[in-house]
Amino acid sequence: MATGAGYGVISALLPLVGIVTMVRNRKRRKSGAPEPVDEEFEKRRAATLESERRMAAYLASRDQR
Numbered sequence: 001m002a003t004g005a006g007y008g009v010i011s012a013l014l015p016l017v018g019i020v021t022m023v024r025n026r027k028r029r030k031s032g033a034p035e036p037v038d039e040e041f042e043k044r045r046a047a048t049l050e051s052e053r054r055m056a057a058y059l060a061s062r063d064q065r
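Written as structure tokens, this is what we have:
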């Protein structure tokens, strides 16, 4: 039964973490502070866009033959 108690604590903490996150983000938006830049996300996004561009170019060249 010890693991059941652990699940109860986790299920109580997750909504609390979500509420705290929403309140912090709302406060940041109202203060006009710039949104923090996630550099890792931007790198992954740029790599994804580049690979999609290359795939589109490959498919276009393949269809022309």
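Numbered according to the numbering used here, the sequence shown terminates at residue 65, and the numbering increases by one at each position without gaps.
Quick reminder that beta carbons are idealized off the backbone N, C-alpha and C, glycines included.
Item	Value
Quick check on the DSSP output: the alpha helix (DSSP H) that includes Glu40 runs from which residue to which?	Glu39 to Gln64
Tell me the rounded alpha-carbon separation between Leu13 and Ala33.	28 angstroms
What do you get for Tyr7, buried or exposed, if any count of 16 or more other CB atoms within 10 angstroms of its CB means buried?	exposed
In whole angstroms, what is the alpha-carbon distance linking Met1 and Gly18?	Confidence is the limiting factor: at Met1 the pLDDT is only 48, short of 50, which leaves the residue's position unreliable and the question unanswerable from this model.
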